[in-house]
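Structure first, commentary second.
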Amino acid sequence: MGSGVRIFFLLILAAATAALATDYGRNKITGTDGEWWVVHSPHFDVYYEEGTEAVAESTAVIAEREIRLLGNTFDYLPSEPIPVIIYRSPSRFRQTTLLPSELSEGIGGFTEYYKGRIALPFDGIWSDFRHVLAHELNHAFVYDMLFRRQLTDIVRSRAPLWVLEGLAEYTSLGWDTASEIEFRDMVISNSIATVGELSRRQDYLVYREGQAIYHFMVQRYGEDRYHDFVRHMRNRQGVEGAIEEAFDMSINQFSDRFIDWARETYWAEVAEGESPCDIGVPVMLGEGKRGKRLVMAEPFISPDGSAVAGCEYYHGRFSGVVRSAVNGEVINRPLKGGGFFEESVSPMYRTMCFSPGSDSVAVAFHRQVSDGIKIAPVNGEPLSLNLDFELIRDPVWDPDGGRIAFSALTEGNLDIWTFDFASGDLNRVSRNEQGEYDLWWGESGIWCVSEEPSENIRSIQCWQPDGSFTVAHECFEDVSSPVETPDGVMFVSSENGQPDFFLMQPDSAAPVRLTDMYMTPAAPSWADSSGIALFTSSDWSGSGLFIAHDLTSRRTGLSDSLHTCGDRAVCADTSTTGFDPVNWRISPYQPAFSLDQVSANAGFDSYAGLSGSTYFVFSDVLAHHQLGIVSNFNGQVTDMDAAVMYSNMANRVQVGGMAYRLADRYVFKDSSGNRDYVRDINAGATVGASYPFTRAFRADLFSTFRRVSREGLWDNEMLFTENIFSVGGAAVFDNALWGAVGPRVGSRMSVNFDYAPGFRDNPEYFTAMLDLREYTWVSQEVTLASRIAGGMSFGPDRQRFFLGGALPHRRSRGDVEGVGDLYQFYTSYADILRGWDYVSLDGSSYGVASLELRYPVINYLSLAAPVPVTFTRGRGVIFTDMGFVSDDLSTFKGASGSNGFHLEDLKMSIGTGFRLNVGFFVLKSDIAWRTDLSGISRKPEYYFTLSTEF
Numbered sequence: 001m002g003s004g005v006r007i008f009f010l011l012i013l014a015a016a017t018a019a020l021a022t023d024y025g026r027n028k029i030t031g032t033d034g035e036w037w038v039v040h041s042p043h044f045d046v047y048y049e050e051g052t053e054a055v056a057e058s059t060a061v062i063a064e065r066e067i068r069l070l071g072n073t074f075d076y077l078p079s080e081p082i083p084v085i086i087y088r089s090p091s092r093f094r095q096t097t098l099l100p101s102e103l104s105e106g107i108g109g110f111t112e113y114y115k116g117r118i119a120l121p122f123d124g125i126w127s128d129f130r131h132v133l134a135h136e137l138n139h140a141f142v143y144d145m146l147f148r149r150q151l152t153d154i155v156r157s158r159a160p161l162w163v164l165e166g167l168a169e170y171t172s173l174g175w176d177t178a179s180e181i182e183f184r185d186m187v188i189s190n191s192i193a194t195v196g197e198l199s200r201r202q203d204y205l206v207y208r209e210g211q212a213i214y215h216f217m218v219q220r221y222g223e224d225r226y227h228d229f230v231r232h233m234r235n236r237q238g239v240e241g242a243i244e245e246a247f248d249m250s251i252n253q254f255s256d257r258f259i260d261w262a263r264e265t266y267w268a269e270v271a272e273g274e275s276p277c278d279i280g281v282p283v284m285l286g287e288g289k290r291g292k293r294l295v296m297a298e299p300f301i302s303p304d305g306s307a308v309a310g311c312e313y314y315h316g317r318f319s320g321v322v323r324s325a326v327n328g329e330v331i332n333r334p335l336k337g338g339g340f341f342e343e344s345v346s347p348m349y350r351t352m353c354f355s356p357g358s359d360s361v362a363v364a365f366h367r368q369v370s371d372g373i374k375i376a377p378v379n380g381e382p383l384s385l386n387l388d389f390e391l392i393r394d395p396v397w398d399p400d401g402g403r404i405a406f407s408a409l410t411e412g413n414l415d416i417w418t419f420d421f422a423s424g425d426l427n428r429v430s431r432n433e434q435g436e437y438d439l440w441w442g443e444s445g446i447w448c449v450s451e452e453p454s455e456n457i458r459s460i461q462c463w464q465p466d467g468s469f470t471v472a473h474e475c476f477e478d479v480s481s482p483v484e485t486p487d488g489v490m491f492v493s494s495e496n497g498q499p500d501f502f503l504m505q506p507d508s509a510a511p512v513r514l515t516d517m518y519m520t521p522a523a524p525s526w527a528d529s530s531g532i533a534l535f536t537s538s539d540w541s542g543s544g545l546f547i548a549h550d551l552t553s554r555r556t557g558l559s560d561s562l563h564t565c566g567d568r569a570v571c572a573d574t575s576t577t578g579f580d581p582v583n584w585r586i587s588p589y590q591p592a593f594s595l596d597q598v599s600a601n602a603g604f605d606s607y608a609g610l611s612g613s614t615y616f617v618f619s620d621v622l623a624h625h626q627l628g629i630v631s632n633f634n635g636q637v638t639d640m641d642a643a644v645m646y647s648n649m650a651n652r653v654q655v656g657g658m659a660y661r662l663a664d665r666y667v668f669k670d671s672s673g674n675r676d677y678v679r680d681i682n683a684g685a686t687v688g689a690s691y692p693f694t695r696a697f698r699a700d701l702f703s704t705f706r707r708v709s710r711e712g713l714w715d716n717e718m719l720f721t722e723n724i725f726s727v728g729g730a731a732v733f734d735n736a737l738w739g740a741v742g743p744r745v746g747s748r749m750s751v752n753f754d755y756a757p758g759f760r761d762n763p764e765y766f767t768a769m770l771d772l773r774e775y776t777w778v779s780q781e782v783t784l785a786s787r788i789a790g791g792m793s794f795g796p797d798r799q800r801f802f803l804g805g806a807l808p809h810r811r812s813r814g815d816v817e818g819v820g821d822l823y824q825f826y827t828s829y830a831d832i833l834r835g836w837d838y839v840s841l842d843g844s845s846y847g848v849a850s851l852e853l854r855y856p857v858i859n860y861l862s863l864a865a866p867v868p869v870t871f872t873r874g875r876g877v878i879f880t881d882m883g884f885v886s887d888d889l890s891t892f893k894g895a896s897g898s899n900g901f902h903l904e905d906l907k908m909s910i911g912t913g914f915r916l917n918v919g920f921f922v923l924k925s926d927i928a929w930r931t932d933l934s935g936i937s938r939k940p941e942y943y944f945t946l947s948t949e950f
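Take 1 as the starting number for the sequence shown in my numbering and just add one per residue.
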């Protein structure tokens with residue numbers, strides 16, 4: 001069997017069976033949604049949960065309008081309906097089974113390659129939803145138009161990320177005000193990159209600068225040249241070739257002209273506009289020359305002006321924090337991300353507020369598939385309120401301190417709710433489809449922003465707890481964050497062409513413009529007792545929080561900005577004008593398998609015979625059911641490897657099964673020194689179930705039947721056959737967050753057992769194992785990783801544990817030292833112990849411990865020859881390993897004092913290593929020296945492996 005093909009087969013088998021194996025990994029909380037339905041429009045199949053019918057119909061309308069615009073622009077329409085999957089809340093979206101990995105807070109939607117499926121949540125704000133929907137729809141359109149939904153074509157196109165993401169942004173938004181404002185801030189802060197550098201980046205810059213590049217193409221060279229560029233990308237010429245063909249210049253020349261255009265357009269505003277430091281004083285973390293600006297997402301100032309609260313990225317997680325407004329010192333962290341329930345706060349909107357007395361804070365937080373609110377004294381532990389919504393944001397206390405208001409998503413609507421602390425009563429203030437957010441509770445009532453998506457109107461409203469409201473201001477541009485002050489209601493608006501502070505006064509018909517800033521201000525809040533305002537912005541020195549003492553008394557004489565941002569308004573129109581949804585078909589969702597991936601190859605050799613491999617993956621549209629079929633053969637059919645795998649994640653209890661057959665032939669040398677040409681066949685089936693209690697903790701149960709046999713090929717004699725039936729289970733905890741080469745911070749724990757009852761003279765054993773891992777945050781780049789693991793096996797056919805090397809390993813040719821039969825080899829376990837050769841130690845019980853200090857070595861390394869390649873995030877490690885194996889623990893002697901203190905049965909090593917993530921895998925090299933604490937080996941052991949850190 002070809003070694004490369006077999007390795008590929010085993011990798012596929014291992015990846016596909018990960019759901020059945022007792023292994024680490026975060027959990028998907030599935031089975032919490034209701035019945036699914038489908039709206040069939042001319043070009044889309046919109047899948048939605050029961051209770052979100054209005055959202056689904058509006059989704060189909062928006063999508064049909066967008067596809068019509070794209071069709072007119074590029075003279076193309078997809079031949080097959082595009083599937084769009086709408087999740088009723090962001091928390092449910094993060095548990096999607098369409099992708100195996102965990103979705104981060106900042107992912108608002110995605111388009112996967114294999115079926116061209118679009119998936120996104122509804123967050124209650126139609127303008128945000130329409131933007132994400134249009135962006136992902138453009139991805140699906142481009143994948144279909146340029147690549148026919150083929151992943152291989154996307155890879156062969158050599159399209160950098162900015163080409164795809166920028167095109168999706170530009171075709172969905174054009175050059176709207178919000179996008180240009182964001183790009184303007186990037187240009188002024190000197191954050192944009194050359195086109196060549198942008199082609200190597202994968203961060204947020206590719207979205208906004210990519211969109212700006214397309215706008216530059218149209219503005220400078222016209223629509224036809226822009227279309228030429230897209231067409232040449234379709235022809236797989238790469239971005240360099242596409243630019244050369246469309247614009248008759250090199251990528252460097254094009255980049256220089258783009259950078260010059262951006263600076264000429266926006267740098268002039270620096271001389272004319274106001275800096276954030278002209279408006280307020282930055283809040284500093286520390287004092288004197290060592291002080292730096294305090295950065296916090298969606299901050300909120302206390303009424304007495306002494307503290308600020310908001311969201312911070314703390315030890316790799318988003319957490320709620322209260323800091324001093326004077327020196328930035330931490331006062332309290334009322335909610336730290338992680339833990340058993342994996343609680344966290346969102347950096348995308350405001351989640352914290354202060355009580356009127358400045359002595360308590362409220363925190364809106366995520367749990368498994370819903371949101372809640374915790375109340376905490378500024379210097380105390382939090383207490384959860386009895387609330388459970390799909391999304392909660394913008395909490396705010398009433399001026400009397402007896403109630404709290406917040407925006408909550410339920411039944412497809414983002415409405416205002418209040419909670420009474422004394423009575424525990426929950427009151428729904430608003431009930432409509434517009435969505436109310438950015439709440440502030442002042443003396444006049446609950447101020448908020450709302451929008452009418454069908455008319456592209458945003459308004460500032462004032463609601464009373466009894467459900468009545470008044471509209472204070474309306475405009476066609478972005479407005480946000482209304483704050484009631486003694487001088488009137490202050491808010492941020494782009495209605496004069498760029499974001500600035502405005503003030504609505506009771507005796508004035510029109511809002512008064514307070515500032516003329518060249519950078520965007522955001523997230524204002526007001527301290528009633530001290531009369532100061534807090535806001536966020538940035539300048540040449542970076543981003544930060546600013547405190548303004550006279551913001552509401554300021555005035556600017558300019559009526560318009562030097563440069564008006566945006567060239568067209570974006571309308572999230574959800575009306576059905578021009579469409580006939582009555583004729584659209586609605587049906588209940590019926591799972592049906594369709595092909596996700598397929599890979600096949602075959603060949604013939606006059607000596608080896610027929611060879612080949614196949615790999616099929618099927619799933620239904622929602623990916624609740626997944627089926628994999630993989631096979632590999634080389635020569636005789638009796639040597640074929642095959643596996644069939646199935647998983648069902650439609651319910652909270654996730655079940656799956658697998659049947660497999662692996663064959664391998666080789667020359668085997670037995671304990672007597674005799675050689676034989678043998679074939680080993682390892683075949684069996686496994687069924688299992690998993691129940692995720694939280695995203696970090698789950699329980700697994702499984703049952704396995706395995707048949708292992710060895711056949712002598714020289715004499716056609718069956719040398720060995722054994723049947724093994726076992727049942728097992730595990731408890732697995734994993735809240736670790738990953739870095740570039742391994743876990744970065746958090747904890748892992750697993751307790752496993754495996755019992756073979758010995759039916760019909762089959763092997764009988766009971767095996768238990770424990771694994772504990774802790775990843776301690778030392779600094780932003782340094783981690784201290786520790787691990788303790790062990791296991792014991794009992795019974796007449798007890799299993800073996802092998803130690804040695806830098807990877808858990810059993811030799812693949814059966815000639816393992818100390819193993820006298822095939823059964824023990826194929827049912828054994830292995831663990832690492834650097835300093836010793838692979839599987840050089842074995843016993844029926846074992847224990848290992850490792851301690852590693854992981855630190856950065858390479859941040860960025862670019863090589864021009866012999867092959868142009870760039871490496872990032874190379875990391876080093878200093879480690880020590882200890883371990884033992886034993887068949888009789890009563891005779892175990894870890895160390896001895898005779899002839900000087902030294903280790904005996906306990907083995908130990910020290911060493912160092914280097915890790916580098918090269919994209920598809922992690923390269924690891926380790927050097928280890930054995931030590932018994934009385935001396936150290938002169939010759940080290942060297943290891944080179946492809947694996948992540950433990």
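In this text, a Cβ means the ideal position worked out from N, Cα and C, and glycines have one as well.
As the structure is a prediction and not an experimental result, all values here were calculated from the model.
Per the C-alpha coordinates, the member of P356, L391 and N379 positioned closest to S344 is L391. Apart from sequence neighbours up to five positions away, the residues of its chain that approach E436 with a beta-carbon distance below 8 Å are S407, L414, D415, I416, S430, C448, V449, S450, Q461 and W463, ordered along the chain. DSSP, reduced to helix, strand and coil, places W162 within a helical segment of the structure shown. Cβ neighbours of R652 within its own chain (closer than 8 Å, five residues either side excluded): I29, T30, G31, T32, Y691 and P692. For Q253, there is no enclosing beta strand (DSSP E); the enclosing alpha helix (DSSP H) covers residues I251 to Y266.
In the structure shown, the three-state DSSP call for G71 is helix. If you ignore the 5 residues before and after V644, its C-beta comes within less than 6 Å of the C-beta of I629 and A659, all in its own chain and listed in chain order. A730 is not a Cβ neighbour of S747, given a cutoff of 8 Å. Residue environment: N682 is assigned as buried (16 or more neighbouring CB atoms within 10 Å of its CB, all protein chains considered).
Take the alpha-carbon of I279 and the one of E182: they are about 20 Å apart. Setting aside the 5 residues that flank it on each side, F801 is surrounded in the same chain by G791, S793, S828, Y829, A830, D831, D842, G843, S844, S845, Y846 and V885, each with a C-beta closer than 8 Å to its C-beta; the list follows chain order. In the DSSP assignment, T694 falls outside any alpha helix (DSSP H) and carries neither an H nor an E.
The C-alpha of S459 is placed about 5 Å away from the C-alpha of H473. The straight-line gap separating the alpha-carbon atoms of A193 and D256 is approximately 11 Å. Put simply, of L551, S538, D516 and G544 the residue whose alpha carbon is nearest the alpha carbon of I532 is L551. Along the segment 891–944, the beta strand (DSSP E) occurs as fully enclosed runs of 3 or more residues at 907–917 and 922–931, listed in sequence order.
For P856, the enclosing beta strand (DSSP E) covers residues S845 to L863. Contact check for L335 and P382: beta-carbon distance about 6 Å, within the 8 Å limit, so the pair qualifies. Straight-line spacing of the CA atoms in Y314 and F725 works out to 47 Å.
Here the alpha carbons of P303 and L98 stand approximately 45 Å from one another.
Annotation: G876 is outside any alpha helix (DSSP H); the continuous beta strand (DSSP E) that includes it extends over V869 to S886. If the five residues before and after Y221 are omitted, its C-beta is found closer than 7 Å to the C-beta atoms of F247, all from its own chain and listed in chain order. Unbroken beta strand (DSSP E) runs of no fewer than 3 residues, entirely contained in the segment 525–551, are found at 532–539 and 542–548, following chain order. Contact annotation: W440 and E495 have beta-carbon atoms that are not nearer than 8 Å. P42 has its alpha-carbon roughly 45 Å from the corresponding atom of P299.
In this structure, DSSP gives M284 an extended state, which the three-state scheme calls strand. For the pair Y114 and D620, the CB atoms are not nearer than the 8 Å cut-off.
According to DSSP, residue pairing for E244 in a beta bridge does not occur. Per the C-alpha coordinates, the member of P588, F618 and D639 positioned closest to G612 is D639. In the structure shown, the three-state DSSP call for I29 is coil.
Within the segment 34–60, complete beta strand (DSSP E) segments of at least 3 residues are found at 36–40 and 44–49, given in chain order. Secondary structure note for V230: its alpha helix (DSSP H) is the uninterrupted segment E223 to R234. Below 8 Å, enough C-beta pairs join the segment 906–919 and the segment 929–949 to call them touching: three or more.
An exposed status is given to V869, since fewer than 16 other beta-carbon atoms sit within 10 Å of its beta-carbon.
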